[in-house]
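Report on the structure given below.
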Amino acid sequence: MKLYDFTLAPNPRRVRMFLAEKGIEMPPTEQINTREAGQFSAEFQKVNPRGTVPALVLDDGTLLTESISICRYFEELHPEPSLFGRDAKENAVIDMWNRRVEIECYAPAADVVRNSLEIFKDRAIPGMPNGVPQIAALAERGRASVARFVGRLDQQLADNQFIAGDYLSIADQTAFITFDFAKRGELEVPADAKNIARWQSEMAARPSASA
Ligand SMILES: N[C@@H](CCC(=O)N[C@@H](CS)C(=O)NCC(=O)O)C(=O)O
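What the sequence shown shows, in the working numbering, is residues 2 to 212, in sequence order.
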């Protein structure tokens with residue numbers, strides 16, 4: 002097994018946080034520096050032609066290139082502590098919140114970052130080396146979506162210690178990496194989102210936050 006990772010990128014961070022929280026040792030790892038076009042090297046393109054990290058290659062050669070799927074793979078192998086839910090209801094609630102975070106917050110935050118930062122000029126889509134111009138309107142729409150989600154999440158965290166309830170889940174990890182990543186697009190969580198601030202400081206205090 003081998004994990005292609007990049008310490009500074011959000012999706013590989015979700016995998017590292019997940020492994021840390023479950024107490025699973027990191028597999029052998031290679032860093033692919035996506036800020037220096039490492040994902041487009043001939044060598045990495047042979048491993049993952051999609052040109053993205055994380056990428057997990059299993060011993061039988063199976064390639065997994067979605068961070069959530071990599072987490073699910075490890076969850077099946079190491080069910081405890083469960084981060085995807087312990088029964089049908091928990092599974093559904095966690096899945097619902099994880100999807101909301103990904104669709105209503107991560108993807109729009111990525112739209113902001115990819116469509117406004119100079120370093121992504123002509124590279125607005127991950128895994129594409131060039132020829133993809135930035136669209137300012139996508140960044141603007143992304144900001145609106147993130148703001149709406151932040152309001153809803155703050156309400157959810159008023160009555161729940163964690164996003165899906167009184168237990169830590171993958172939804173918390175997805176949101177935690179999202180908010181750190183969003184800072185790159187100057188998408189700071191507003192000061193009046195007090196419940197998110199409380200949750201963020203609790204998440205940041207966990208050893209997995211520095212994985
Ligand atoms: N849906 C994929 C997204 C993977 C992805 O976009 N990774 C980014 C780093 S967080 C990347 O590899 N970007 C390459 C690029 O910027 O060209 C996942 O969840 O793992």
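Just so you know, even glycine gets a beta-carbon here, dropped at the ideal spot from N, CA and C.
Item to check | For Asp96, the residue or residues it bridges with in DSSP | outcome: BP columns for Asp96 are empty, so no partner.
Checklist entry - When every heavy atom of ligand 1 is checked, does at least one fall within less than 8 Å of the C-beta of Phe177? => result no
Item to check | Paired residues, beta bridge with Gln32 - DSSP | outcome: Asp6
Checklist entry - With 16 as the cutoff for other CB atoms within 10 Å, does Met27 come out buried or exposed? => result exposed
Item to check | Leu57 - containing beta strand (DSSP E), residue span | outcome: Ala56 to Val58
Checklist entry - From Ala210 to Ala38, what distance separates their C-alpha atoms? => result 26 Å
Next on the checklist: If you reduce the DSSP assignment to three classes, tell me which class Phe163 lands in.
Outcome noted: strand
Checklist entry - Is the beta carbon of Arg144 less than 9 Å from the beta carbon of Val190? => result no
Item to check | Other residues of its chain near Thr66: CB distance less than 7 Å, five sequence neighbours each side excluded | outcome: Asn49, Arg51, Thr53 and Ala56
Checklist entry - Got a sec, what are the start and stop residues for the alpha helix (DSSP H) Leu1 sits in? => result Summary: the structure shown does not reach residue 1, with the chain confined to residues 2 through 212, and so no result is reported for it.
Item to check | the region 167 to 184 touching the region 87 to 104, judged by at least three CB pairs closer than 8 Å | outcome: yes
Checklist entry - Any heavy atom of ligand 1 closer than 8 Å to the Cβ of Ile136? => result no
Next on the checklist: Given a cut-off of 9 Å on the beta-carbon distance, is the pair Asn116 and Leu158 in contact?
Outcome noted: no
Item to check | With 16 other Cβ atoms within 10 Å as the buried cut-off, status of Leu84 | outcome: buried
Checklist entry - Should Glu37 be listed as close to ligand 1, given that the test is whether its C-beta is under 8 Å from any heavy atom? => result no
Checklist entry - Quick one: does the C-beta of Gln32 sit closer than 8 Å to a heavy atom of ligand 1? => result no
Checklist entry - Exposed or buried, Gln174, counting other C-beta atoms within 10 Å across all chains shown (16 or more means buried)? => result buried
Item to check | Identity of the residue in Thr35, Asp6 and Ala21 nearest Gly128 by Cα | outcome: Thr35
Checklist entry - When we look at the beta-carbon of Met18 and count the other beta-carbons within 10 Å, is it buried (16 or more) or exposed? => result buried
Checklist entry - Between which two residues does the alpha helix (DSSP H) carrying Ala111 extend? => result Ala108 to Ser117
Checklist entry - Roughly how many angstroms separate the alpha carbons of Cys72 and Pro13, rounded to a whole number? => result 10 Å
Next on the checklist: Excluding the 5 residues flanking Ser212 on each side, which residues of the same chain have their C-beta closer than 6 Å to its C-beta?
Outcome noted: Note that residue 212 is Ala in the sequence shown here, rather than Ser. Around Ala212: Arg17, Met18 and Ala21.
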